[in-house]
Structure formats: structure tokens, C-alpha cells
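These notes concern the structure reproduced below.
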Amino acid sequence: MPELGPVDLVVTSPPYNMGITSGGGLKGDGTGSKWKAASRCGGLAQGYKEFKDAMPWPKYEKWQKEFISLAYSILSETGAIYYNHKPRPWNGEIRLPTIYNPGLPLRQVIIWRRNGGINFSQTHYVPSCEWILIICKKGFRLKNKGCSGEFDVWNINSIKSDDHPCPFPVELPLKILNTVNSGLTLDPYMGRGTTAIACERLNRKWIGIEISEEYCEITAKRIEKETQQLKLFN
1 MPELGPVDLV VTSPPYNMGI TSGGGLKGDG TGSKWKAASR CGGLAQGYKE
51 FKDAMPWPKY EKWQKEFISL AYSILSETGA IYYNHKPRPW NGEIRLPTIY
101 NPGLPLRQVI IWRRNGGINF SQTHYVPSCE WILIICKKGF RLKNKGCSGE
151 FDVWNINSIK SDDHPCPFPV ELPLKILNTV NSGLTLDPYM GRGTTAIACE
201 RLNRKWIGIE ISEEYCEITA KRIEKETQQL KLFN
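Structure follows, in C-alpha cells:
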């Protein structure tokens, strides 16, 4: 990733470390009955293709801080990271996504209201929102003054997918891309290629990074289908 810079925009959502829990929630390798139930409620069927998503918390936090630092280092002077993560209940407390920020400038927090969720515990209400941290360089600005009228709570329904445990809807990166100027967008946790699809629709340049060959193949098929549809309607 260090060789890629500079990029104008990083839009991404890392694995959430959902394979471990302090209560009676999702445990193991993503093949148990609760994972399957979670899939029916919004998408945690079999875990990730080549990643168990079950690190010890100190290791996971270190990994994410190092990732954000690296992503920030390749931003252009007007660039920004839109980092999607979720608050996690843990041992009777809440872990907020801001714990993964290694002390870099945090411009704003966007609340993504998913209008759906799942909960196995009596200790808290159903989590139905996620956060998007905007970590950016000093020169970052929204596309125009009209975009500054957008609220910081985005109501975008979550989606289900049989090929990815935590997909985000294409409306999410589209919302981001429509409100910023970006010459080159990077998604370092590309998954099934949703950020790439949004870039294709808006004719933006993009780079995606993904360790799973299967997800890369899924992305390629989705992009092929998307470009065919764009040619049809254009």
C-alpha cells in the first residue's frame, strides 16, 4: 500500500473482529447456528472467505491503528479517509470506533443508521447504527457549499449477501463520492467490490485491495455486469 500514494480518498470498512465476543453472541469460526441466524437478519453467514476475524483485542486494535496510519500517509494534501466501523458492546461497556484512530485529525463522525440489526444479549438494546470516521488532511473540503447542507446522520438500509458476511450497500460509497472531489479512490478492504462499483457509476478512478481470490472474482463479475448496464443505458 505505501507504493500507491498519493490517493485523494480512502473509503473502506475493515473486518469487525466479530469472531470473538465477551457474552453469548457470535463465537468461533463463523459456522455456528448464531452466525447463520445473523445471516438471515442481515449478514454474518460463514465469516470471511480467508479470514476468521477473531483476533485478540489488543492485536486487533494495533492492526487497525497501523492501517489508519498507513492510509493517512498516502493521502494527498486534500485527501480524506472515510473509515466505516461499528460500536461494539464488550464486558458491559462499549468500544467506540474512535479507539482505532492513532491520534490523527478526526474531522467528523457520520452516523450510518442501518435500519436493522441483531442482538443476543439482555445487557443492551439492538445496535442499529455504525460510524464513519472522517480522518483527513487539513486541506480536505467537501465538493461544494451545497454538500455542507448534508446532515451527519445517513439513513441507508443495510443489505444481505450470501457471499460476504458484512456487505455495505452501494448507496453508502455513492453518498461519499457525490459529496467530495476525488481523483483516485482506494478501498484497502475491498471485499465484494462495492466501493469500486460506486466509482464505476460515477466514472471515478479507483484501486481495490483484497486478500481473497474469491472476492476478487466476485468483484470482477460485478464490475463486468455494472459496465454492461452502464453501456446499455448510455
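For the sequence shown, the tail end lands on 234 under the UniProt record's numbering, and the numbers increase by one without skipping.
Ideal placement from N, C-alpha and C gives every residue a C-beta, glycine not left out.
These numbers were taken from a predicted model, which means no experiment stands behind them.
CA-CA distance, residue i and residue j?
i: Phe120; j: Pro127; result: 11 Å
i: Leu172; j: Lys65; result: 23 Å
i: Glu213; j: Arg192; result: 11 Å
i: His85; j: Pro14; result: 7 Å
i: Leu133; j: Tyr189; result: 16 Å
i: Gly5; j: Trp112; result: 28 Å
i: Glu226; j: Leu184; result: 19 Å
i: Lys34; j: Ile94; result: Here Lys34 scores only 49 on pLDDT, less than 50, and its place in the model is too uncertain to base an answer on.
i: Ile135; j: Ile118; result: 28 Å
i: Asn155; j: Lys62; result: 31 Å
i: Cys216; j: Asp53; result: 18 Å
i: Gly103; j: Ile20; result: 26 Å
i: Val180; j: Lys137; result: 13 Å
i: Asn178; j: Lys143; result: 8 Å
i: Asp187; j: Lys145; result: 26 Å
On the DSSP bridge assignment, give the partners of residue i in chain order.
i: Ile111; result: Trp131, Val153
i: Pro89; result: Ile94
i: Ile207; result: Leu186
i: Val10; result: Ile81, Leu186
i: Leu106; result: Ile135
i: Leu142; result: Val180
i: Leu75; result: Val7
Within 10 angstroms of its Cβ, does residue i collect 16 or more other Cβ (buried), or is it exposed?
i: Glu210; result: buried
i: Asp8; result: buried
i: Gly92; result: exposed
i: Ala17; result: In the sequence on display, residue 17 carries Asn and not Ala. Burial call: buried.
i: Lys59; result: exposed
i: Thr123; result: exposed
i: Arg88; result: buried
i: Val153; result: exposed
i: Lys175; result: buried
i: Thr12; result: buried
i: Gly79; result: buried
i: Asn203; result: exposed
i: Phe140; result: buried
i: Val170; result: buried
i: Gly148; result: The sequence as given places Ser at residue 148; Gly does not occur at that position. So Ser148 ends up on the exposed side.
Report, in whole angstroms, the separation of the C-beta atoms of residue i and residue j, which I expect to be a contact under 8 Å.
i: Ile68; j: Tyr83; result: 7 Å
i: Arg222; j: Asn157; result: Between Asn157 and Arg222 the Cβ distance is about 19 Å, and since that is not below 8 Å, they are no contact.
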